[in-house]
Amino acid sequence: MSKRVIIVGAGPVGLVAALKLARAGIAVSVLEKAEALHSEPRASTFHAPTLELLDTLGLTTQLIGLGRPAPQWQYRILETGEAAIFDFGLLADETRYPFRLQCEQFNLVTVAAAALEKEAPGSLIFGAAVTDVGQTSEGVRATFTRNGKIETLDGAWLIAADGAASVVRTQLGIGFEGETYPAVSFTVGSPFAFHDHMPGLLGVNYYWSDFGPFSMFHTRFMWRIGWSPPPESRDEDTLSDDIVQAKLAKICPAGAPFALMTARLYRVHKRVADTFHLGRMLLVGDAAHLNSPAGGFGMNGGVQDAFNLADKLIAIYDGANATALLAKYTRQRRSAAVDDIHSTSDANYRRHREADPAKRREALKDMQAIIADRDKHRAFLMDNALINSYRRSEAIA
Ligand SMILES: Cc1cc2nc3c(=O)[nH]c(=O)nc-3n(C[C@H](O)[C@H](O)[C@H](O)COP(=O)(O)OP(=O)(O)OC[C@H]3O[C@@H](n4cnc5c(N)ncnc54)[C@H](O)[C@@H]3O)c2cc1C
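What the sequence shown shows, in my numbering, is residues 247 to 643, in sequence order.
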């Protein structure tokens with residue numbers, strides 16, 4: 247029987263898992279249905295624990311070079327300039343990376359794929375859409391279509407890193423309970439120098455304004471601006487250039503008309519798989535859990551899953567008890583998804599979308615009070631940088 251680990255999906259989570267296993271001398275094959283790596287920006291925030299983990303694979307220095315560290319972030323009222331500014335500098339004794347790195351997800355995908363190709367040439371197989379998975383007590387089999395033909399690949403374990411609509415999770419019949427948030431989210435990318443025109447702008451900003459909340463993140467080459475269109479909007483209207491330009495002109499009149507590099511509409515879910523493992527099938531990343539993007543936790547949580555699981559598989563290849571370790575994987579990472587990531591991203595989402603100006607002002611005052619108290623400020627940052635989440639999950643027996 248083959249000893250290889252089959253990884254379905256060459257997103258950030260699948261590639262990191264593959265690279266970590268390959269570096270430990272374990273044979274891997276990554277099956278990716280697309281014909282090339284995805285180039286959508288999607289996630290743009292890397293938190294400290296993720297950067298520390300990626301550094302063990304030698305990727306963090308490259309990512310910092312491709313991104314833009316944000317040492318502070320804020321909630322801000324556009325019209326009045328009142329702000330609550332959080333300072334990651336308070337975490338300098340907790341992490342080597344006391345900042346949020348703003349760097350598009352495709353950068354991680356690109357550097358991880360290049361490192362994997364060096365470590366295990368030919369292990370990343372494009373144009374391979376997995377349609378069926380099966381397992382026995384001895385091993386796993388993935389069936390996929392490639393170039394119009396049906397092929398199979400055998401292995402010892404299969405990691406489902408095939409994203410939110412995971413075929414593997416669905417085939418296994420694993421429940422994926424939760425909710426879909428009522429509002430859709432919309433993000434555009436623009437190279438315009440908003441920072442030259444908006445006083446007080448930081449690298450990461452959650453704005454409240456008279457015309458609704460919006461966020462602004464500064465990556466190396468663009469500003470990413472996100473908002474939710476009114477519930478009655480049709481998708482084609484939200485995406486129309488006139489409406490996008492009008493919204494951006496309200497945010498920063500000086501830039502109109504704005505050059506746009508990207509525009510994407512997406513639905514936001516809060517869901518978690520009932521279990522992260524079933525026999526030899528193992529779930530990671532968006533295949534296992536989804537959360538609102540408020541706080542930038544989805545990819546971070548997924549990369550942390552990949553490291554946790556890869557460490558356990560490496561121990562299993564060295565003779566450790568698989569049943570016990572994989573149960574621990576589900577306990578640790580499911581708890582991180584539900585107890586920390588869901589609760590913190592949900593609180594961030596609701597706070598930022600608060601429609602009542604009086605309640606918003608109250609929320610701003612609450613955050614200013616937190617910032618004024620060093621211990622509370624640190625505790626808030628430890629949650630929002632996912633440091634507490636990572637440490638708590640690792641400590642679960
Ligand atoms: C606009 C936006 C902003 C976001 N911002 C952040 C952020 O700032 N920080 C953060 O941490 N997260 C953020 N997220 C979430 C983040 O993008 C996801 O959590 C992350 O992409 C999950 O990675 P993944 O590898 O699990 O899945 P994916 O990135 O979805 O990758 C899955 C891969 O599997 C492949 N695949 C799917 N089905 C099959 C199949 N049957 N056979 C073979 N291959 C298959 C797909 O082609 C894809 O390459 C954001 C998401 C969005 C939409």
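Built from N, CA and C at the ideal position, the CB exists for glycine as well.
Kindly indicate which residue of W319, A264 and D564 has the alpha-carbon position closest to the one of F626. For this step, residue 626 is matched to residue 380 along the sequence shown. Minimum Cα distance to F626 is reached at W319.
How close, in whole Å, do the beta carbons of F372 and E286 come, if the pair is a contact with beta carbons under 8 Å? Taking the sequence shown and counting its residues from 1, one reaches residue 372 at position 126. Taking the sequence shown and counting its residues from 1, one reaches residue 286 at position 40. F372 to E286, Cβ: 16 Å. No contact.
I405 - containing beta strand (DSSP E), residue span: Locating residue 405 in the sequence shown gives position 159, where the first residue counts as 1. Note, I405: beta strand (DSSP E), W403 to A406.
With hydrogens ignored, establish whether the beta-carbon of D339 is closer than 7 Å to any heavy atom of ligand 1. For this step, residue 339 is matched to residue 93 along the sequence shown. No, since every heavy atom of ligand 1 falls outside the 7 Å radius drawn around the Cβ of D339.
Cβ neighbours of R580 in the same chain (closer than 7 Å, five flanking residues each side left out): Within the sequence shown, the letter at position 334 stands for residue 580. Correct list, in chain order: V518 and F522.
CB of R620 to nearest heavy atom of ligand 1: below 7 Å? Indexing the sequence shown from 1 puts residue 620 at position 374. Checking the Cβ of R620 against ligand 1 gives no.
In this structure, does DSSP put G380 in helix, strand or coil? Taking the first residue of the sequence shown as position 1, residue 380 is located at position 134. In the structure shown, G380 sits in a strand (DSSP, three-state: E or B).
Within its chain, find whatever has a CB closer than 8 Å to the CB of A561; leave out the 5 residues flanking it on each side and keep chain order. Locating residue 561 in the sequence shown gives position 315, where the first residue counts as 1. Within the same chain, A561 has close Cβ partners L571.
In whole angstroms, give me the CA-to-CA distance for D619 and T484. As a working note, residue 619 is residue 373 in the sequence shown. As a working note, residue 484 is residue 238 in the sequence shown. Computed Cα separation, rounded: 41 Å.
Please state if the CB of H284 and the CB of V355 are separated by a distance shorter than 8 Å. To locate residue 355, count along the sequence shown from 1; it is residue 109. To locate residue 284, count along the sequence shown from 1; it is residue 38. Yes.
As assigned by DSSP and simplified to three states, the class of T521: Within the sequence shown, the letter at position 275 stands for residue 521. Of the three classes helix, strand and coil, the one that applies to T521 here is coil, per DSSP.
Whole runs of the alpha helix (DSSP H) within the stretch 432 to 509, excluding any shorter than 4 residues: 481 to 484 and 487 to 497
Among A582, A604, L494 and W403, whose alpha-carbon lies nearest the alpha-carbon of F432? As a working note, residue 432 is residue 186 in the sequence shown. Ranking A582, A604, L494 and W403 by Cα distance to F432 puts L494 first.
Best match in A256, R288 and V251 for proximity to V514 [C-alpha to C-alpha]: Here residue 514 refers to the residue found at position 268 of the sequence shown. Here the closest residue by C-alpha is R288.
Same chain only: Cβ atoms within 8 Å of Y636, ignoring 5 sequence neighbours per side: Here residue 636 corresponds to residue number 390 of the sequence shown, with the count starting at 1. These residues qualify, in order along the chain: P295, Q550 and A582.
Measuring alpha carbon to alpha carbon, tell me which residue in A375, D629 and L404 is nearest R387. Residue mapping note: residue 387 aligns to position 141 of the sequence shown, counting from 1. Nearest of A375, D629 and L404 to R387, Cα basis: L404.
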